[in-house]
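J.: Chains as they are written, first to last, in our numbering: chain A, -9 to 132; chain B, -9 to 132. Encoded as structure tokens, here's the structure I'll be asking about.
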DNA sequence: TTTAAAAATGCAATTCATTCGCATTTGCAT
DNA sequence: ATGCAAATGCGAATGAATTGCATTTTTAAA
Ligand SMILES: [Mn+2]
Ligand SMILES: [Mn+2]
Ligand SMILES: [Zn+2]
Ligand SMILES: [Zn+2]
């Protein structure tokens, strides 16, 4: 298993260092797309580090809680997806055909959100922007 | 039961006119906040038009399919919410404390989405923007 | 107005993702 | 090495939503 940089171990965030926990974070770190608990469960099995599905869920909870991982609820997918948290504010472009998720690491909403806070007198804590469409690949196949 | 304007009956959209279906659309039309299937189920019971919960779900499916109603998946709520579709593009401002949902009937993303389509070569079908924060009322109580 | 087919409904059972209880095991500080 | 909290496995439970099927209702046609 590869050393995951700053997070080689879980010391410092109050989590114990277990084989499956390290493996799960590793899978998440290398994954180019967000993954579900079930997918992680299966990947672990392939790597012969198999963990129980409830353990996978519990681990993902912990990692999310510690902000090492981000939990995504994409409309149209009944399962939650998880991705390694690289500490970048981002939005998602989702292909309605192949379900591919592309991160957009820019945000058009900075000023808008400030203005909205003023107008509504809310204190704004965050936002979520998902954009839906059809990717070039899927568009070709028509 | 009040005549719901253009949708006094379901003729023209291929749905049969049943008591519970009319009542459900009526509840949705009058509701100031989006509502869950369960809430509708309970409101129906109060009005002595009680329908089975599966009927409520099936009806909401149909209404959503016919675009008379919009289905919302708000992060942090395990249930789906439904609202009468007034054919207005909108976004939501959600209070993390009291869960109040405020519709925002303006969109800051028009040009951005067009630019994104060009950059990414996606054909963009839609988007979803939810903004999270704390409403004035909840902020006072601190 | 009767009639027949299609659509809608009630009810119970089922699905699916996720969570929980509890006995056992493991990691880690001492 | 020892002890204790944390983590795990396993099976059962949860909760929202869906489904199968028998029965009822709606609607259009006769
Ligand atoms: Mn943003
Ligand atoms: Mn918009
Ligand atoms: Zn695609
Ligand atoms: Zn509030």
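Beta carbons: idealized from backbone N, C-alpha and C, even for Gly.
Can you check whether the C-beta of residue 68 (chain B) is within less than 8 angstroms of a C-beta belonging to chain A?
T.: With 8 angstroms as the cut-off, residue 68 (chain B) does not count as an interface residue toward chain A.
J.: Kindly give me the distance between the Cβ atoms of residue 134 (chain A) and residue 57 (chain A), rounded to whole angstroms, as I take these residues to be in contact under 8 angstroms.
T.: No answer is possible for residue 134 (chain A): it lies beyond the span of chain A, which begins at -9 and ends at 132.
J.: Residues of the stretch 7 to 23 of chain A with a CB closer than 9 angstroms to any CB of chain B: list them in chain order, please.
T.: Hits within the stretch: zero.
J.: With a threshold of 8 angstroms between beta-carbons, can residue 106 (chain B) be considered close to chain A, or not?
T.: Yes, because at least one Cβ of chain A sits closer than 8 angstroms to the Cβ of residue 106 (chain B).
J.: Would you say residue 106 (chain B) touches ligand 1, meaning its beta carbon is less than 7 angstroms from a heavy atom?
T.: No, since every heavy atom of ligand 1 falls outside the 7 angstroms radius drawn around the Cβ of residue 106 (chain B).
J.: Under 8 angstroms, CB to CB, which of the residues in the stretch 81 to 112 of chain A have a partner in chain B?
T.: Per Cβ criterion, the list reads 83, 85, 86, 92, 94, 98, 99, 102, 103, 106, 107, 110, 111 and 112.
J.: Kindly indicate which three-state DSSP category residue 103 (chain A) falls into: helix, strand or coil?
T.: Residue state, collapsed to three classes: helix.
J.: Cβ of residue 46 (chain B) within 8 angstroms of Cβ of residue 64 (chain B)?
T.: Their beta carbons are not under 8 angstroms apart, which means residue 46 (chain B) does not touch residue 64 (chain B) by this criterion.
J.: Check whether chain A comes within 8 angstroms of residue -3 (chain B), counting only Cβ atoms and requiring the distance to be less than that.
T.: In this prediction, residue -3 (chain B) scores a pLDDT of 43, lower than 50, which makes its location untrustworthy; no coordinate-derived value is stated.
J.: Tell me which residues share the same chain as residue 61 (chain B) and place their Cβ nearer than 8 angstroms to its Cβ, disregarding the 5 neighbours each side in the sequence.
T.: Counting only Cβ-Cβ distances below 8 angstroms, and skipping sequence neighbours, we find 50, 54, 70, 71 and 72.
J.: In the stretch 36 to 67 of chain B, which residue ranges form an unbroken alpha helix (DSSP H) of at least 4 residues, counting only runs that do not cross its ends?
T.: Whole alpha helix (DSSP H) segments, 4+ residues: 43 to 55.
J.: Taking only beta carbons into account, state which residues of the stretch 46 to 79 of chain A come closer than 8 angstroms to chain B, listed in chain order.
T.: Those residues of the stretch 46 to 79 of chain A that come within reach of chain B (Cβ to Cβ, closer than 8 angstroms) are 63 and 65.
J.: Just to confirm my understanding: we take residue 88 (chain A), look at its own chain, exclude 5 residues before and 5 after, and list those with CB closer than 6 angstroms. What are they?
T.: 128.
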